[in-house]
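Line by line, the protein sequences are chains D and U.
If you're matching positions, the first sequence starts at 55 in this note's numbering and goes up one per residue.
If you're matching positions, the second sequence starts at 424 in this note's numbering and goes up one per residue.
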Amino acid sequence: DAKTTQPTSMDCAEGRAANLPCNHSTISGNEYVYWYRQIHSQGPQYIIHGLKNNETNEMASLIITEDRKSSTLILPHATLRDTAVYYCIVRVGGIQGAQKLVFGQGTRLTINP
Amino acid sequence: GAVVSQHPSWVICKSGTSVKIECRSLDFQATTMFWYRQFPKQSLMLMATSNEGSKATYEQGVEKDKFLINHASLTLSTLTVTSAHPEDSSFYICSARDLGTGSSPLHFGNGTRLTVT
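Next comes the structure, spelled out in structure tokens:
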């Protein structure tokens, strides 16, 4: 699976949009971009994923560049509960069951009141 | 949505004893589950892939005789930490994937915090 690069930490004011970047310059055509977050002492929580088109759900939006070498996770109105470590992971899709996720160090996002 | 349940959420045991952690997929079947370990201030490290009806696949450096994995049904995988020592104290997390679609995400349990005294 392609490697990802994320900033170590970011701060954002409560109520503002939080934009978390991720570089995945070696991504291949059949690899999806997944975002998870981990709030302290909990298991990772799935946020969103995409292949090439931008995606939006109730939690966030995912913007993938046209060349797919980078993406941005957008939390439109950040709240204090969004403080967490955010992980960007790329992996091959497909119906095989053994598609493990390898976690990098992620971005520690702090939402400030 | 897909739910993965882990039990217990925390456990304290004495050095030399064994501890079993359960991971269940509550509303879907999972032929494959994954076990991770996380030390304080570090990221998740994959330990092993649990395969229903067959032997688990362990990542390099993970002792298979120490971390016994059993995946006896499509909804249950167990991780047993045998002869636990204080250095095994960690946060253990399992995950599973609903095979409904090709790109469906992995869902994670809430983790088990193991403290070995």
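In this text, a Cβ means the ideal position worked out from N, Cα and C, and glycines have one as well.
May I ask you to report which of helix, strand or coil DSSP gives residue i?
{"i": "residue 151(D)", "result": "Interpretation of residue 151(D) is limited by its pLDDT of 42, a score under 50 that renders its predicted location unreliable; the figure taken from the coordinates is listed afterwards. Coil."}
{"i": "residue 134(D)", "result": "helix"}
{"i": "residue 511(U)", "result": "helix"}
{"i": "residue 448(U)", "result": "strand"}
{"i": "residue 65(D)", "result": "strand"}
{"i": "residue 529(U)", "result": "strand"}
{"i": "residue 464(U)", "result": "coil"}
{"i": "residue 485(U)", "result": "coil"}
{"i": "residue 494(U)", "result": "strand"}
{"i": "residue 474(U)", "result": "strand"}
{"i": "residue 113(D)", "result": "coil"}
{"i": "residue 60(D)", "result": "coil"}
{"i": "residue 504(U)", "result": "strand"}
{"i": "residue 443(U)", "result": "strand"}
{"i": "residue 72(D)", "result": "strand"}
{"i": "residue 519(U)", "result": "strand"}
{"i": "residue 156(D)", "result": "coil"}
{"i": "residue 438(U)", "result": "coil"}
Just to confirm, are residue i and residue j a CB contact at a threshold of 7 Å?
{"i": "residue 497(U)", "j": "residue 475(U)", "result": "yes"}
{"i": "residue 114(D)", "j": "residue 93(D)", "result": "no"}
{"i": "residue 75(D)", "j": "residue 126(D)", "result": "yes"}
{"i": "residue 535(U)", "j": "residue 461(U)", "result": "no"}
{"i": "residue 467(U)", "j": "residue 482(U)", "result": "no"}
{"i": "residue 507(U)", "j": "residue 448(U)", "result": "no"}
{"i": "residue 118(D)", "j": "residue 71(D)", "result": "no"}
{"i": "residue 86(D)", "j": "residue 105(D)", "result": "yes"}
{"i": "residue 158(D)", "j": "residue 139(D)", "result": "no"}
{"i": "residue 516(U)", "j": "residue 97(D)", "result": "yes"}
Of the choices the options, whose alpha-carbon is the least far from that of residue i?
{"i": "residue 162(D)", "options": "110(D), 146(D), 130(D) and 142(D)", "result": "142(D)"}
{"i": "residue 67(D)", "options": "146(D), 130(D) and 154(D)", "result": "130(D)"}
{"i": "residue 450(U)", "options": "509(U), 499(U) and 508(U)", "result": "499(U)"}
{"i": "residue 81(D)", "options": "146(D), 135(D) and 73(D)", "result": "146(D)"}
{"i": "residue 99(D)", "options": "160(D), 64(D), 128(D) and 89(D)", "result": "89(D)"}
{"i": "residue 457(U)", "options": "464(U), 508(U), 463(U) and 444(U)", "result": "444(U)"}
{"i": "residue 13(D)", "options": "65(D), 63(D), 165(D) and 96(D)", "result": "Outside the displayed range of chain D (55 to 167) lies residue 13(D), so it cannot be described from this structure."}
{"i": "residue 132(D)", "options": "57(D), 63(D), 60(D) and 69(D)", "result": "69(D)"}
{"i": "residue 455(U)", "options": "464(U), 446(U) and 472(U)", "result": "472(U)"}
{"i": "residue 57(D)", "options": "123(D), 64(D), 108(D) and 138(D)", "result": "123(D)"}
{"i": "residue 95(D)", "options": "433(U), 484(U) and 440(U)", "result": "433(U)"}
{"i": "residue 120(D)", "options": "78(D), 63(D) and 59(D)", "result": "78(D)"}
{"i": "residue 489(U)", "options": "441(U), 427(U) and 477(U)", "result": "441(U)"}
{"i": "residue 493(U)", "options": "459(U), 487(U), 502(U) and 463(U)", "result": "502(U)"}
{"i": "residue 156(D)", "options": "527(U), 487(U) and 459(U)", "result": "459(U)"}
Please look up how many angstroms separate the CB atoms of residue i and residue j, rounded, as I've assumed it's under 8 Å.
{"i": "residue 539(U)", "j": "residue 438(U)", "result": "6 Å"}
{"i": "residue 513(U)", "j": "residue 529(U)", "result": "The pair is not a contact, with the Cβ atoms about 20 Å apart (cut-off 8 Å)."}
{"i": "residue 624(U)", "j": "residue 532(U)", "result": "No answer is possible for residue 624(U): the residues shown for chain U start at 424 and end at 540."}
{"i": "residue 425(U)", "j": "residue 511(U)", "result": "About 29 Å; that fails the 8 Å criterion."}
Which chain D residues sit within Cβ distance under 7 Å of residue i?
{"i": "residue 530(U)", "result": "100"}
{"i": "residue 469(U)", "result": "154 and 156"}
{"i": "residue 457(U)", "result": "154"}
In chain U, what lies closer than 7 Å to residue i by C-beta?
{"i": "residue 155(D)", "result": "529"}
{"i": "residue 172(D)", "result": "The structure shown does not extend to residue 172(D), since chain D spans only 55 to 167, so no value can be given for it."}
{"i": "residue 97(D)", "result": "516, 531, 532, 533 and 534"}
{"i": "residue 88(D)", "result": "528"}
What does residue i reach in chain D if we use C-beta pairs closer than 8 Å?
{"i": "residue 460(U)", "result": "Going along chain D, no residue has its Cβ under 8 Å from residue 460(U), so there is no contact; the nearest lies around 11 Å."}
Taking C-beta pairs closer than 8 Å, name the residues in chain U that residue i reaches, listed in chain order.
{"i": "residue 160(D)", "result": "466"}
Please tell me whether, using a cut-off of 6 Å, the distance from the CB of residue i to the nearest non-hydrogen atom of the ligand HEM is below it.
{"i": "residue 74(D)", "result": "Here there are no bound small molecules, and the ligand HEM is not part of this structure."}
Distance cutoff 7 Å, beta carbons only. Does residue i sit that close to anything in chain B?
{"i": "residue 490(U)", "result": "Absent here is chain B; the protein component of the structure consists of chains D and U."}
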